[in-house]
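Novice: Below: one structure in structure tokens.
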Amino acid sequence: MLNTLLPILIFTALALAAIGAVRRMRLWRQGRPSPVNLLKGLAAMPRRYLVDLHHVVGRDKMISNTHVATAGGFVAAAVLMILVHGLGIANPLLGGLLLLASTSMFVGSLFVARRRLNPPARLSKGPWMRLPKSLMAFSLGVFLVTLPTVGLLPDGLLEGSGSWLLALVLAGVVAWGLGEMFFGMTWGGPMKHAFAGALHLAFHRRAERFSTKKGGGGRSTGLKALNLNDEAAPLGVEKPADFTWNQLLGFDACVQCGRCEAVCPAFAAGQPLNPKKLIQDMVVGMAGGSDAGYAGSPHPSQGIGGKPVGEHAGSPHGPIVALEGKTLVDADTLWSCTTCRACVEECPMMIEHVDAIVDMRRHLTLERGKTPNKGAEVLDNLIATDNPGGFDPGSRLNWAADLNLPLMADIKQVDVLLWLGDGAFDMRNQRTLRALIKVLRAAEVDFAVLGAEERDSGDVARRLGDEATFQSLAKRNIATLAQYRFLQIVTCDPHSFHVLGNEYGELGGHYEVRHHSTFIAELYDAGRLTFAPWKGGRVTYHDPCYLGRYNGEYEAPRNVLKALGIEVKEMERSGSRSRCCGGGGGAPITDIPGKQRIPDMRMNDIKESGAELVAVGCPQCAAMLEGVVDASAEVRDIAELAADALVERPAGDASGGSRRPAATTMTAEEVIV
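UniProt numbering applies: residue 1 is where the sequence shown begins, and numbers increase by one.
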């Protein structure tokens, strides 16, 4: 009886899964075109899954091992089941492998069940609570019906006239598992991520995140430029169908694990943003309907007087942020994001939350002019004065009147162009700049500044969604830089560092850019700096988002502190999991209220480390942390600490007593030749 029922069940499930796959693909294809290499993407998918994705999943060893056992067992069991029970290839070897695969899957499902006994708040409940049972049903059912194939049970045990009830029970268990694993994978359910996730890895919008090199992929964090010359192209994303098709595919790949929720600073602060809920809202909008079926944590404001789950609704061609009536997403949800990329860094499905948020901000800013609070004022200032504070551009160097800084307009070519950034107008960051200049001069670095020719890098405008102002600033900066010769740009602002190094290239500006902590570390390694040993108290280091998660630089700042004789007392959340200070993405400008302030939470992290001083490498981080009332630690930039510890080298000592062989650096003249 089972020999008749199993092929019917298997191929019916496969047929329904295929129908569901076509239906799902039609939902994704509502999005805008995005060219991909189909064959190359599909060929790369196994490695991206086994290597790149598992670098993220592997951060939690127990979950990683569970996933390997469960997912690996399922894939193997599904293929072998089709061969053995679907096509009737009753080979004892294949049957034995099928038993091993289903056993692996069953063991993994036990750990999934254990995880669901008392699940953390970040995990979605609802249909996800039945997943362990479905996994067990599939693996156990396949295991039992395969036993006769390998001779562990008599062939006729399930075929006699008196065994029809047992055969029906086993067929029912297998059908339950097939329904969840195959049918649910494409029609919707807890396993939907397996189908969409695999294709998402194959056709990821940022294919450059993956690599064939050992150790996984590269880093791709620069925002994609809008083609402002294409009158037919939408200015940002107004409706779900304005996303590219592979962005919609990425949203559908969400496994609802809530890792993004757990690390989101805005969510922790009680602001109206939950990145997991936002991605699920995009899925709702893509398919049409409301969020009534959402079974995870809502964003915090939904628990303190905001709209409850079920009150958000949308459609593929309807506005995401509606002007009246029900809306798919509230505008404040989008403006709460600090663009810190903690969500992207933690996502095991490698979804690009920040890209989506900025795309939607672009529509609100460029098409509707709806940038909240001081947003409009800042954008107006950037247009009128080339800086967000509205200061006289000619006053950019007033703070350095006594430093006699060399100007590029006079020198034309140098080794290092020092990019001041908008910290040049901020009294706090002026101290950092003066310290950095002291360090550069102590190391006898050939440098100069643009002075009044320097404009805002455009970072704030771009994160606030004003792509037009960003591109205007960027193109004028690129034109200015093209007049001069230099080897590299050095800046103490990670935001300028990121934009100049990663986002100007798409507009024609290609530069080698160094963060000042990296450059100071290189100068020290080359023996051009000598420091007195640290005699202060305990020190911790705060990783800036735009230096760490955006650009992968975690070691250089710590190397500088080590060179100063400082043993860093790491915070619990440091490195790639550092908590944002709250200063990025224009968040201090849009100023969406929550239950607490993000910098206050970060200062509490510092307090828990026991540090008396926190070293920073970003002017916005310094400003946000120094703005904390009753701060428990002093805030100092790495450049300030280095400048205070400088020891003057003996006259005529060109090497400064190098600790390593001096790095060879070509001069500007050599490059020109």
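C-beta: ideal position from N, C-alpha, C; glycine also.
Name the residue from Met105, Thr327 and Ser297 whose alpha carbon lies nearest to the alpha carbon of Gly288.
Specialist: The shortest Cα separation from Gly288 among Met105, Thr327 and Ser297 belongs to Thr327.
Novice: Just the Cα atoms here: how many angstroms apart are Lys214 and Asn502?
Specialist: With a pLDDT of only 49 at Lys214, under the threshold of 50, the placement of this residue in the model should not be trusted, and no figure is reported.
Novice: Alpha carbon to alpha carbon, how far is Ala611 from Val344? Give it in angstroms, no decimals.
Specialist: Approximately 29 Å between the Cα atoms of the pair.
Novice: Which of helix, strand or coil does DSSP assign to Gly215?
Specialist: Its pLDDT being 45, under 50, Gly215 is placed unreliably by the model, and the measurement read from it follows with that caveat. Coil at Gly215, not helix or strand.
Novice: Consult DSSP for Arg32 and reduce its assignment to one of helix, strand or coil.
Specialist: Looking at Arg32 - three-state DSSP - the assignment turns out to be strand.
Novice: Between Pro588 and Tyr546, how many whole angstroms is the CB-CB distance? I'm expecting something under 8 Å.
Specialist: Pro588 to Tyr546, Cβ: 14 Å. No contact.
Novice: Kindly indicate which residue of Pro265, Gly293 and Ser297 has the alpha-carbon position closest to the one of Lys276.
Specialist: Comparing Cα-Cα distances from Lys276 to each of Pro265, Gly293 and Ser297, the minimum goes to Ser297.
Novice: In whole angstroms, give me the CA-to-CA distance for Thr491 and His515.
Specialist: Distance between the alpha carbons of Thr491 and His515: 5 Å.
Novice: Report the rounded CA-to-CA distance for Ala331 versus Ile320, giving the unit in angstroms.
Specialist: Answer to the nearest angstrom: the Cα atoms are 9 Å apart.
Novice: Considering just the uninterrupted stretch of the alpha helix (DSSP H) at Leu561, what are its terminal residues?
Specialist: Start and end: Glu555 to Ala563.
Novice: Hey, Ala521 and Val460: beta-carbon distance below 8 Å or not?
Specialist: No.
Novice: Can you check which of these residues, Ile638, Ala202, Glu626 and Leu407, is closest to Val539 by C-alpha distance?
Specialist: Per the Cα distances, Ile638.
Novice: Is it true that the region 443 to 454 meets the region 408 to 424, where meeting means three or more beta-carbon pairs spaced less than 8 Å apart?
Specialist: These segments touch.
Novice: Going by DSSP, what residues sit across from Asp637 in a beta bridge?
Specialist: Per DSSP, Val616.
Novice: Within the continuous beta strand (DSSP E) that includes residue 674, where are the two ends?
Specialist: No statement about residue 674 is possible, as the shown extent of the chain runs from 1 to 673 and does not include it.
Novice: Run through the DSSP bridge pairs and tell me what Gln280 is partnered with.
Specialist: The partner list for Gln280 (beta bridge, DSSP) is empty, contrary to what the question assumes.
Novice: Which stretch, first to last residue, makes up the alpha helix (DSSP H) that contains Gln247?
Specialist: Run containing Gln247: Trp245 to Asp252, per the alpha helix (DSSP H) assignment.
Novice: Starting from His54, trace the alpha helix (DSSP H) both ways and give me its first and last residue.
Specialist: His54 to Val57 is the span of the alpha helix (DSSP H), which, as asked, contains His54.
Novice: With a floor of 4 residues, list each alpha helix (DSSP H) that falls wholly inside the region 167 to 204, ordered by position along the chain.
Specialist: With a minimum length of 4 residues, the continuous alpha helix (DSSP H) runs that stay inside the region 167 to 204 are 184 to 187 and 192 to 202.
Novice: Go through its chain and collect everything with a Cβ distance to Asn227's Cβ below 8 Å, but skip five positions before and after it.
Specialist: Same-chain partners within the cutoff: Ala233.
Novice: In terms of alpha-carbon separation, which member of Glu555, Ala253 and Met349 lies closest to Gly188?
Specialist: Gly188 has its Cα closest to that of Ala253, out of Glu555, Ala253 and Met349.
Novice: In chain order, what are the residue ranges of uninterrupted beta strand (DSSP E) at least 3 long that sit wholly in the region 504 to 559?
Specialist: Counting whole runs of 3 or more residues, the region 504 to 559 contains the beta strand (DSSP E) stretches 513 to 515 and 539 to 541.
Novice: Determine, using beta-carbon pairs with one atom in the region 24 to 35 and one in the region 240 to 259, whether at least three such pairs fall under 8 Å.
Specialist: Counting Cβ pairs under 8 Å, three or more are found: they touch.
Novice: When the distance is taken between beta carbons, is Val568 closer than 8 Å to His363?
Specialist: Contact flag unset, no.
Novice: Note down the Cα distance separating Val449 from Gly421, rounded to an integer number of angstroms.
Specialist: Going from the Cα of Val449 to the Cα of Gly421 covers about 11 Å.
Novice: Under a Cβ-count criterion, where at least 16 other Cβ atoms within 10 Å of its own Cβ denotes burial, should Pro272 be classed as buried or exposed?
Specialist: Buried, since its Cβ has 16 or more Cβ neighbours within 10 Å.
Novice: From the DSSP output, in three-state form, read off Met273 for me.
Specialist: It is Leu, not Met, that sits at residue 273 in the sequence shown. Three-state result, Leu273: coil.
Novice: Mapping DSSP to helix, strand and coil, what is Gly289?
Specialist: Note: Gly289 maps to strand in three-state DSSP.
Novice: Taking the CB atoms as reference points, tell me whether Ser64 and Gly73 lie closer together than 8 Å.
Specialist: Contact flag unset, no.
Novice: For the structure I just gave you, are there three or more beta carbon pairs, one from the region 4 to 21 and one from the region 167 to 179, closer than 8 Å?
Specialist: The region 4 to 21, when compared against the region 167 to 179, does touch it at the 8 Å Cβ threshold.
Novice: Can the beta-carbon of Val635 be found closer than 8 Å to that of Thr530?
Specialist: Not a contact, by the Cβ cut-off of 8 Å.
Novice: Provide the residue(s) that pair with Val449 in DSSP beta bridges, ordered along the chain.
Specialist: Answer by DSSP bridge pairing, in chain order: Leu407 and Leu418.
Novice: On the DSSP bridge assignment, give the partners of Gly314 in chain order.
Specialist: Looking at the DSSP assignment, Gly314 forms a beta bridge with Gly289.
Novice: Does the beta-carbon of Glu324 have 16 or more other beta-carbons within 10 angstroms, so that it is buried, or is it exposed?
Specialist: The residue is exposed, with fewer than 16 neighbouring Cβ atoms inside 10 Å.
Novice: For Asn398 and Ala424, what's the separation of their Cα atoms in angstroms?
Specialist: The alpha-carbon atoms of Asn398 and Ala424 are separated by roughly 9 Å.
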